[in-house]
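Report on the structure given below.
Structure, rendered in structure tokens:
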């Protein structure tokens, strides 16, 4: 038996650490550990609730807008404050554009290199790759000259001995199975994606006034003044510039990304058998269409293992969601006063109690969230399955398209059940990206139409009552359900808890010793070479892990990332 | 809607919720508070973002990064690194494909929009605990780093103007 520890640790504690026991070429036990305590919620105590979003958007470098939006929603929920339609639409466009950006970056710049061999791409034939591309879509950028240019550029990189972003890939690993032409086509889109994601980011920058930290939010709405004719505000001209950017994104997402994901899925069909893990799925509805948050463009809800048992979450006041969430710390480096096994976030506690890494005891700084006392997987797969179960037409259409392309490439019909897997999480993210893009177009139209009706309201002023109020806000973020929970006393924050997507997925065992989604998904994953655990990374990366973000420090010393111990 | 871009970007990185981890952002804040930057120079609080910054860094002649650095020496020490020294620093620190500053810069090379010069002005932190304030050592490092960046810009012929208080 072998134990693999993957720990990109720096001098400061941080990051995600994954431990696996491998026996007979398969993972038999797994531990997911957050190696850093942040306790950032404590900074918010006694602050003005109107300022909370400014601090929460610093929690994560990838999810800045995500924590900002969720924070204002939580405070608005506590106040029962309605949000003007224009503000909802502008916020919706920001989160949709951010989501599109995030999903593109995840697939190409994070996950793809687990499946696409860049060195093998050099052996690809541009004509062959172009022909393959043409068989999947009429994407104009799949031309022979474009693909040749990419191959030449990659060759220059390899020849220079400076692989840069490709330096840490597992090139030539036995688990890399794509033919050179497929690798070359995917590598071409990898480089195009670098340009395309900038386009999505520009939308966020125009609407949010700045990136990476948006400036335009306020409890009660947004601070964008709408004046169709003024230069300094959100003008019709700027909104049409946004529309042009949205259209540019559509070409790439629908004609390159969807097909790449489908083809990778089909050619790695064996990976639809690995990585299911926890199959209770939780997602929340998003993109509110009214001032109160009772109607949404995108549905969400809870799937207890079986799609037929889908229970929708329907409003910002939804008691089913509100009362279903708890967090356990039996295996986390915290202690709860009293003897509660798991606590609701309103009465959540953050009392650190660090010891050491104990396989059967405490081993993570991440808490273990539960929904209705069970583990739940969150993320694009959970959301796509919920939207599908809710009968959301665009989701059904894009999902059907991905499955059709994958079935065509595989030469056999791929069932919907294949989604409960490592590949399924990656495919669902692409589907959600296409759905979000369509939603972005809809929200743009809704905003333009509403302004045309003469509505220029963007803000309702909040007033804070004496005494205690409580609120929660949720958002279907790129990595899944994000919720903020706030208790406000006499206009000041008394308690603030963030239950983040990576907590749901990367959490350790819970009060009943049930493993979290990362841990459960790794069981039975094949490992060809324990010192190059590409297969483990494939499954972990399919969740789009995001614990590493809050600490960012240049490190002068090299350290090994993977350790292998014979046992 | 092409953005006319300044040729130099001064980019502050770090997490201001973790005390000295955010010293890079604090350096940029202090630079903006004490100096008016010429048109050719732009400053940005990049927080802990990586790929999100690609569009802001693309096409610059020179990138000056202010950040906390894990280097030898006492807390508050300020170090300066340029080009090749930086590449060495970034090797293997991140998990495969994890997307930080190094990957963002490498990605810019792929699309031929990497800055020709990259300079890191780094401060060795003392305290990385949850909190908004810098340690006294890092606050000293911040002030020294601002002075170094002003010198750097002056050498580039883009001297910032001190604000009168």
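Residue numbers (the numbering used here), protein chains in the order written: chain G, 6 to 572; chain H, 2 to 166. Every residue gets a Cβ at the ideal spot worked out from N, C-alpha and C, and that includes glycine. No experiment lies behind these values; they were computed from the predicted model shown.
- Closest by C-alpha distance to residue 160(G), out of 25(G), 127(G) and 150(G), is 127(G).
- For residue 379(G), the closest C-alpha among the options 545(G), 34(G), 287(G) and 263(G) is that of 287(G).
- In the DSSP assignment, the residues bridged to residue 531(G) are 31(G).
- The Cβ of residue 48(H) sits closer than 9 Å to at least one Cβ of chain G.
- Residue state for residue 46(H) is assigned as strand, using DSSP reduced to three classes.
- The beta carbons of residue 381(G) and residue 285(G) sit about 5 Å from each other, so the pair counts as a contact at 8 Å.
- The beta carbons of residue 511(G) and residue 39(G) sit about 6 Å from each other, so the pair counts as a contact at 8 Å.
- Among the residues facing chain G, residue 132(H) is included, as its CB has a counterpart in that chain under 9 Å away.
- The beta carbons of residue 463(G) and residue 89(G) sit about 6 Å from each other, so the pair counts as a contact at 8 Å.
- Taken in chain order, the whole beta strand (DSSP E) runs of length 3 or more contained in the stretch 98–130 of chain H are 118–124.
- When only Cα atoms are considered, residue 298(G) and residue 320(G) end up about 6 Å apart.
- Remark: C-beta atoms of residue 152(G) and residue 134(G) approach each other more closely than 9 Å.
- The continuous alpha helix (DSSP H) containing residue 138(G) extends over residues 131–141.
- With 16 or more other Cβ atoms from the protein chains shown falling within 10 Å of its own Cβ, residue 306(G) counts as buried.
- Taking C-beta atoms as the reference points, residue 79(G) and residue 478(G) count as a pair closer than 9 Å.
- Using a Cβ-Cβ cut-off of 9 Å, residue 17(H) counts as an interface residue toward chain G, since at least one Cβ of chain G sits closer than that to its own.
- For residue 104(H), the number of other beta carbons within 10 angstroms of its own is at least 16, and it is reported as buried.
- Taking a C-beta distance under 9 Å as the contact criterion, residue 18(H) and residue 29(H) do not qualify as a contact pair.
- Identification of residues in the stretch 110–125 of chain H having a C-beta nearer than 8 Å to some C-beta of chain G yields 110, 111, 112, 121 and 123, given in sequence order.
- When rounded, the separation of the alpha-carbon atoms in residue 401(G) and residue 60(H) is 40 Å.
- Distance from the Cα of residue 146(G) is smallest, within the candidate group 171(G), 116(G) and 200(G), for 200(G).
- Put simply, the backbone Cα of residue 364(G) is about 21 Å away from that of residue 544(G).
- At a cut-off of 9 Å between beta carbons, residue 99(G) makes no contact with chain H.
- Among the residues of chain G, none has a CB under 9 Å from the CB of residue 153(H); the nearest is roughly 17 Å distant.
- With contacts defined by Cβ atoms closer than 9 Å, residue 424(G) and residue 435(G) do not form a contacting pair.
- Less than 9 Å separates the beta-carbon of residue 186(G) from that of residue 130(G).
- Taking a C-beta distance under 9 Å as the contact criterion, residue 441(G) and residue 105(G) qualify as a contact pair.
- Look at residue 287(G) here: in three-state DSSP terms it is strand.
- Between residue 188(G) and residue 263(G), the gap from beta carbon to beta carbon reaches 9 Å or more.
- Residue range 63–71 is occupied by the beta strand (DSSP E) that includes residue 64(H).
- Interface residue (Cβ-Cβ distance to chain H less than 9 Å): residue 206(G) is classified as such.
- Taking C-alpha positions only, residue 358(G) is separated from residue 47(G) by approximately 15 Å.
- Identification of chain G residues near residue 56(H) by a Cβ-Cβ cut-off of 9 Å yields 202, 203, 204, 206, 207, 210 and 216, ordered along the chain.
- The three-state secondary structure of residue 478(G), taken from DSSP, is strand.
- The C-beta distance from residue 35(H) to residue 147(H) rounds to 7 Å, short enough to meet the 8 Å contact threshold.
- Residue pairing by DSSP places residue 307(G) opposite 287(G) and 316(G) in a beta bridge.
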